[in-house]
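Residue numbers (the working numbering): 167 to 334.
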């Protein structure tokens, strides 16, 4: 059941990340084309909106990388360890990763609430609320990563490929 949830989740996340990157590309290229072809109609917000798309795609990508076993890992440090020691190191690093991501999700939420309280807005003519467009990406991305780490742990997997590959 958990494997099915993780598979569907990965597909949705991957499609969303791809869509966000394509939107960023279209927005950036569209803004550049208008600046060149019709400068009188140029907008001051194209790069800003493209960056929002990229930030959200990046925040969401951590969870997808974890699901694929491609998260950051110090393979060279664990490759020479005996299987028992390797398992212990994997548990410790998994726990530390979970704690770190939880803390970042918490402080990201604090930053979101602070920006919301200040009604922080972008400098462009769109006046985009920064809390929603920018700051919310961090707690959402880290929250999804925390949930993914927990679900992977319940299935006996980790966030790096070394757990199943013997450290290589």
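Even glycine gets a Cβ: it sits at the ideal position worked out from N, Cα and C.
Within this structure, are the beta carbons of residue i and residue j separated by less than 9 Å?
| i | j | result |
| --- | --- | --- |
| residue 307 | residue 226 | yes |
| residue 316 | residue 262 | no |
| residue 297 | residue 282 | yes |
| residue 314 | residue 233 | yes |
| residue 218 | residue 284 | no |
| residue 304 | residue 271 | yes |
| residue 246 | residue 325 | no |
| residue 193 | residue 215 | yes |
| residue 168 | residue 320 | yes |
| residue 203 | residue 318 | no |
Cα separation between residue i and residue j?
| i | j | result |
| --- | --- | --- |
| residue 323 | residue 200 | 48 Å |
| residue 182 | residue 228 | 13 Å |
| residue 259 | residue 249 | 15 Å |
| residue 190 | residue 198 | 12 Å |
| residue 253 | residue 208 | 56 Å |
| residue 312 | residue 267 | 6 Å |
| residue 244 | residue 256 | 9 Å |
Residues in the same chain with beta-carbon distance under 8 Å from residue i, minus the five sequence neighbours each way, listed in chain order, please.
| i | result |
| --- | --- |
| residue 287 | 293, 294, 295, 296 |
| residue 187 | 219, 220, 223 |
Can you find the residues in the same chain that come closer than 7 Å, C-beta to C-beta, to residue i, ignoring five residues on each side of it along the sequence?
| i | result |
| --- | --- |
| residue 291 | 210, 211 |
I'd like to confirm the pairing. Which residues does DSSP put opposite residue i in its beta bridges?
| i | result |
| --- | --- |
| residue 295 | 287 |
| residue 326 | 236 |
Just list the alpha helix (DSSP H) runs in the stretch 185-273, keeping only unbroken ones of 4 residues or longer that don't cross its boundaries, in chain order.
-> Runs of the alpha helix (DSSP H) inside the stretch 185-273: 212-233, 241-244.
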